[in-house]
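Heads up, the sequence shown is in the numbering used here, so the first residue is 9 and it goes up one at a time. Even for Gly, the Cβ is constructed at its ideal location relative to N, Cα and C. Small disclaimer: the values here were computed from a predicted structure and weren't measured.
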Amino acid sequence: MFDNGWFSGYSWSMLSGEGVAGSADDVGVASARGVLAISDPTLREAVEEMEAAWNRIAAVDSSLLLDADRRALMVRMETLSRAMYGTSHTWLTELIENDGLAVLPERTNPSRLGCLLRVDPVVAGKRIKVAAKLSRRRAMTGEKLDPEYPTTADGHRAGEIDAAHAKVIDKFFEKLPSAVDHESKVQSEILLGNLAKEVTPEQLRVAAARLLALLDPDGTLDEKDPSSKCYFRLGPQDTDGLSKGSFVIDAECRAYLEPLLAKLAKPGNCNPDEPKPVVDEPDGSDKPGGGDDCGGSGEPGGSDMPDGGGEPGGGDMPGGGDDSGPGDGPGSDPTLFDGPGGGESGGGPGCESGGGEACDTPAAEE
């Protein structure tokens, strides 16, 4: 469809964005496609040795390895990967504190970090928030403070805890009410941080939920209104016109939503491919008294009733009402169908029965 010149020339400059790379070079930062230089000789030598060691590992023909060696390699490389990621939180926090990302051609730190690492700005923003809690902080007076989650941070830097474990612990403290005393919070972080070294993130999530239930068994320590946490977020529209979204609803909204989904979202309902999509179940004649709503042969008190003349209390009988009026026979519910001033079975006003004999009223005498 397009020739090679179109792809190599105009389209590449348009899609890659020459202005971004040029701006980076102007402020002393090499293009993201290059390798940034390290001025400190000791650090540069250590990084080069690590890169060379990794190149030797990656060059090994893994098809000749034993399964035991593959398992050991997976575990040890995962530990190194976690350790490097956990240690990078300290570097990132120091960059933010020293405003070291300001040389990048973006306006916000998440966008700057995303440009530097070539990741999504949303992911970069989350990484900045995590780093602020898992690295040493600097107080207003200048001294260094321990991380907000010290046990979790130590395990992460050692490669014993994954980022998913740290996320579970962070979510736990977000849900923990502020009324819980400080000592309980400290002990909870130590307990969860040590437990994260032995279990999976899902198992840690279950343990965190149990711990939260022990600290706040009645759920009354949180003074925040639960409705303030509710939201509905609509994502960007895709090329096919569809959009993704997420929401948080309260118990009342869920009580309304669940029966609607149970009826309308079950298989076979509201299918646009059907000529006549099923929305409501058909009114079945298999129900007791099915068919017409007013008294017919399917209801007690129909044409077989003595003195009924087809329908008790029918319009042709004196004192009769509507076809489905009060006093439709023994099956009537007096609490629902009694008319004003009605008797035991409802008929007309002041009548003892719904039909058959005329009521002793001025209207009947006429």
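Subject >> Residues sharing a beta bridge with PHE240, DSSP >> reply: According to DSSP, PHE240 bridges with PHE255.
Original post:
What separation, rounded to the nearest whole angstrom, lies between the Cα atoms of SER143 and LYS134?
Top reply: Roughly 14 Å between the two C-alpha positions.
Original post:
For MET325, does the count of other Cβ atoms within 10 angstroms reach 16, so buried, or fall short, so exposed?
Top reply: With a pLDDT of only 49 at MET325, under the threshold of 50, the placement of this residue in the model should not be trusted, and no figure is reported.
**OP:** Taking only runs that begin and end inside the stretch 75 to 146, name each unbroken alpha helix (DSSP H) of 4 or more residues, in chain order.
**Re:** If we require 4 residues or more, the alpha helix (DSSP H) runs fully inside the stretch 75 to 146 come out as 75 to 105, 117 to 125 and 129 to 142.
Original post:
Are the C-beta atoms of THR160 and some chain C residue less than 9 Å apart?
Top reply: Note that chain C does not occur in the displayed structure, where there is just one protein chain.
**OP:** Report buried or exposed for GLU197, applying the criterion of at least 16 other Cβ atoms within 10 angstroms of its Cβ.
**Re:** Buried, since its Cβ has 16 or more Cβ neighbours within 10 Å.
Subject >> Strand pairing of ASN63, partner residues [DSSP] >> reply: DSSP lists no beta-bridge partner residue for ASN63.
Original post:
If you drop the 5 nearest sequence neighbours on each side, which residues of the same chain put their C-beta closer than 7 Å to that of ARG262?
Top reply: The beta carbon of ARG262 is closer than 7 Å to none in its chain, skipping five residues each way along the sequence.
**OP:** Determine the closest residue to ASP162 out of LYS152, GLU151 and ALA174, with distance taken between C-alpha atoms.
**Re:** When each option's Cα is compared against that of ASP162, the closest is ALA174.
**OP:** Could you name the residues that DSSP lists as bridge partners for LEU153?
**Re:** In DSSP, LEU153 forms a bridge with ARG145.
Original post:
For the candidate residues HIS164, LEU265 and ALA67, whose alpha-carbon lies nearest to that of ILE177?
Top reply: That would be HIS164, whose Cα lies nearest to the Cα of ILE177.
Original post:
Based on the DSSP secondary-structure assignment, which residues constitute the bridge partners of ASN277?
Top reply: VAL286.
Original post:
What residue range is occupied by the uninterrupted alpha helix (DSSP H) comprising ALA221?
Top reply: Taken as a continuous stretch (DSSP letters only), the alpha helix (DSSP H) holding ALA221 covers 209 to 223.
Subject >> DSSP bridge partner residues for GLN245 (one or two, in chain order) >> reply: Its beta-bridge partners are SER251.
**OP:** Starting from the C-beta of PHE255, find all residues in its chain whose C-beta is less than 6 Å away, skip the five residues before and the five after it, and write them out in chain order.
**Re:** These residues qualify, in order along the chain: PHE240.
Original post:
For SER196, which of helix, strand or coil comes out of DSSP?
Top reply: Reduced to three states, the DSSP call for SER196 is helix.
**OP:** Reducing DSSP to helix, strand and coil, say where ALA187 ends up.
**Re:** Coil.
**OP:** Verify whether the separation of the beta carbon atoms of VAL207 and ALA215 is less than 9 Å.
**Re:** Contact flag set, yes.
Subject >> Coil, strand or helix - LYS271 by DSSP >> reply: Of the three classes helix, strand and coil, the one that applies to LYS271 here is helix, per DSSP.
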